[in-house]
Amino acid sequence: MINRIPLGEPTGPNVASRGFRPRDGRQQNLALVIQALYDNPGLSRADLARLTGLTRVTISDIVAELLADGLLVETGASDKVRPGKRATKLQVAADSRAILAVDISGETTLVGAVYSLGGEVLHRSSRPLSKSDAALSELRGLLGELVAAAESPILGVGIGTPGTVEGSVVTAANLDWHFLDLAKSLAAVTHAPIEVENDANVAALAERRFAGGEDDLIRIQISRGVGSGLLLGGVAITGSSGAAGEIGHVVIEHNGTPCSCGKRGCLETWISVPALSGRIESDPDGREETLAEAGRRLGMALSPIIGMLDLVDVVVGGPAELVAGPFLEAAQDLVRERIGIESRRPVQLRQSTLGDDAVLLGAAALVLRNQLGVY
Ligand SMILES: [Zn+2]
Numbered sequence: 001m002i003n004r005i006p007l008g009e010p011t012g013p014n015v016a017s018r019g020f021r022p023r024d025g026r027q028q029n030l031a032l033v034i035q036a037l038y039d040n041p042g043l044s045r046a047d048l049a050r051l052t053g054l055t056r057v058t059i060s061d062i063v064a065e066l067l068a069d070g071l072l073v074e075t076g077a078s079d080k081v082r083p084g085k086r087a088t089k090l091q092v093a094a095d096s097r098a099i100l101a102v103d104i105s106g107e108t109t110l111v112g113a114v115y116s117l118g119g120e121v122l123h124r125s126s127r128p129l130s131k132s133d134a135a136l137s138e139l140r141g142l143l144g145e146l147v148a149a150a151e152s153p154i155l156g157v158g159i160g161t162p163g164t165v166e167g168s169v170v171t172a173a174n175l176d177w178h179f180l181d182l183a184k185s186l187a188a189v190t191h192a193p194i195e196v197e198n199d200a201n202v203a204a205l206a207e208r209r210f211a212g213g214e215d216d217l218i219r220i221q222i223s224r225g226v227g228s229g230l231l232l233g234g235v236a237i238t239g240s241s242g243a244a245g246e247i248g249h250v251v252i253e254h255n256g257t258p259c260s261c262g263k264r265g266c267l268e269t270w271i272s273v274p275a276l277s278g279r280i281e282s283d284p285d286g287r288e289e290t291l292a293e294a295g296r297r298l299g300m301a302l303s304p305i306i307g308m309l310d311l312v313d314v315v316v317g318g319p320a321e322l323v324a325g326p327f328l329e330a331a332q333d334l335v336r337e338r339i340g341i342e343s344r345r346p347v348q349l350r351q352s353t354l355g356d357d358a359v360l361l362g363a364a365a366l367v368l369r370n371q372l373g374v375y
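First residue of the sequence shown? That's 1 in the working numbering, and the numbers climb one at a time after it.
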């Protein structure tokens with residue numbers, strides 16, 4: 001029965017869409033039911049019919065199939081009082097499948113975890129990360145460990161990687177990976193579907209799925225460089241060359257500090273962790289003002305994007321001692337000042353609550369999306 005999953009298939013390179021491109025209406029209906037129960041555990045078959053607009057007969061049929069697959073469980077009688085037979089509550093069986101997630105975005109450490117369908121960590125592991133072929137073999141080793149640790153059938157493997165991703169082909173200069181087909185390279189380790197996506201994009205998925213983010217959301221990650229992931233209507237935008245969200249090398253200062261990319265005055269020369277820490281170290285007394293100025297630089301880069309796309313939810317990940325406080329406040333003030341109009345909801349810039357796990361959780365969210373249609 002298990003082999004009937006996956007329900008969807010990965011989409012083309014341009015839009016890492018909801019991932020679920022139904023081959024027929026039935027698959028779409030399966031996804032509708034799973035999504036409804038994922039978001040609202042305890043619904044009855046009648047509730048599902050009302051919520052999805054599908055007929056009672058169709059719902060009964062789909063629920064029977066998902067119960068047989070073990071993806072759903074019945075959890076007793078509904079509390080709602082209705083004439084006739086008491087309805088049975090249903091929910092997604094969180095432990096019925098394992099999701100394996102890997103985060104390759106760390107500078108020197110590879111992190112992996114086994115998650116339940118509900119996003120609960122069941123096993124966690126990390127190991128040193130090198131470059132090139134060595135990195136690939138370390139990744140194989142970690143994935144092998146996760147496969148062995150999974151106690152339920154594996155729904156899929158999600159990988160958040162730096163660099164550009166087209167399908168499962170990764171080009172990441174810092175890992176010395178050039179047009180490396182990751183799914184193919186890892187196929188010997190597991191038969192489960194392998195989903196690969198840029199680290200910043202999966203982190204944005206994690207904010208929405210596991211941290212209450214909006215359907216339209218931008219997530220900035222401040223680390224050694226600066227990256228961002230963009231969701232519009234819940235769909236991750238990857239761009240025409242897989243490089244959407246590469247905001248770090250947008251110039252925000254004419255004739256500014258030279259950048260590693262060859263230009264001058266890129267956003268990274270102000271707000272990457274090394275750049276910002278360096279500016280603070282050179283003037284410890286002016287720390288607050290330096291952070292505020294860096295925040296305003298981020299605001300300058302973001303304002304046209306936020307204004308044009310009518311975004312209100314902007315999440316910033318990175319070290320709390322830099323991000324929280326004057327940096328975020330100044331960025332938010334500047335954005336509001338530049339784009340505010342009466343009819344618009346005010347923009348909120350907020351610190352991510354996911355800490356170091358944003359990419360890992362996002363890799364899990366990628367699998368949920370692509371394999372179950374839960375986005
Ligand atoms: Zn640059």
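Where is the CB? At the ideal position from N, CA and C, for every residue including glycine. Since we're looking at a predicted model, the values are computed, not measured.
Helix, strand or coil, according to DSSP, for residue i in the structure here?
i, result
"L155", "strand"
"R21", "In this prediction, R21 scores a pLDDT of 45, lower than 50, which makes its location untrustworthy; the coordinate-derived value is nonetheless stated afterwards. Correct three-state label for R21: coil."
"A244", "coil"
"P258", "strand"
"T290", "helix"
"K89", "strand"
"A113", "strand"
"G355", "helix"
"N201", "helix"
"A188", "coil"
"A98", "strand"
"G278", "helix"
"T161", "strand"
"D103", "strand"
"I387", "With the chain represented from 1 up to 375, any question about residue 387 goes unanswered, as that position is not in the structure."
"T171", "strand"
"L366", "helix"
"V226", "strand"
"D313", "strand"
"D181", "strand"
"V33", "helix"
"L361", "helix"
"E329", "helix"
"T58", "helix"
"P284", "helix"
"G341", "The sequence given here has Ile at residue 341, not Gly. Coil, per DSSP."
"I252", "coil"
"L295", "According to the sequence displayed, residue 295 carries Gly and not Leu. Of the three classes helix, strand and coil, the one that applies to G295 here is helix, per DSSP."
"G76", "strand"
For my contact list, residue i and residue j are in at a C-beta cut-off of 8 Å; report their separation, rounded to the angstrom.
i, j, result
"Q35", "V374", "5 Å"
"D199", "P162", "6 Å"
"V102", "L136", "Contact flag wrong, Cβ pair sits at about 12 Å."
"S116", "A94", "4 Å"
"L438", "V314", "Since the first and last residues shown for the chain are 1 and 375, residue 438 lies out of range."
"L354", "A211", "6 Å"
"S168", "V196", "4 Å"
"L30", "L90", "That pair is no contact at about 14 Å."
"P346", "V312", "7 Å"
Is the closest heavy atom of ligand 2 to the C-beta of residue i under 7 Å?
i, result
"D39", "With respect to ligand 2, the structure shown offers nothing to examine, as its ligands consist of ligand 1."
Next item on the list: With a cut-off of 6 Å, give the chain-ordered residues whose Cβ is closer than this to any heavy atom of ligand 1.
Entry: Listed by position along the chain, the residues with Cβ atoms less than 6 Å from a non-hydrogen atom of ligand 1 are H249, C259, C261, K263, C266 and E268.
Next item on the list: Flag this pair as touching only if the region 184-204 and the region 117-129 have three or more C-beta atom pairs under 8 Å; answer yes or no.
Entry: Short answer: they don't touch.
Next item on the list: Specify whether the region 188-199 and the region 265-284 touch according to this definition: at least 3 beta carbon pairs, one from each stretch, less than 8 Å apart.
Entry: Contact fails: fewer than three Cβ-Cβ distances are below 8 Å.
Notebook entry, point to check: How do the region 173-183 and the region 321-329 stand: do at least 3 beta-carbon pairs fall below 8 Å, yes or no?
Noted result: No: the two stretches stay apart, fewer than three of their Cβ pairs being nearer than 8 Å.
Margin query: Below 8 Å, how does it come out for the region 119-126 and the region 67-76: are there three or more Cβ pairs, yes or no?
Written below: Remark: fewer than three beta-carbon pairs, one from each stretch, lie closer than 8 Å, so the region 119-126 and the region 67-76 are not flagged as touching.
Notebook entry, point to check: Counting pairs of beta carbons, one from the region 241-253 and one from the region 334-347, are three or more of them closer than 8 Å?
Noted result: No, the region 241-253 is not in contact with the region 334-347.
Notebook entry, point to check: Is the region 95-104 in contact with the region 152-161, if contact means three or more CB pairs nearer than 8 Å?
Noted result: Contact between the region 95-104 and the region 152-161 is present, because at least three Cβ pairs lie under 8 Å.
Checklist line | Cβ contact (3+ pairs, closer than 8 Å) linking the region 354-367 and the region 198-212 | finding: Yes, they touch.
Check: On the three-pair Cβ rule with 8 Å, is the region 52-66 touching the region 27-41?
Finding: Output reads yes: the region 27-41 touches the region 52-66.
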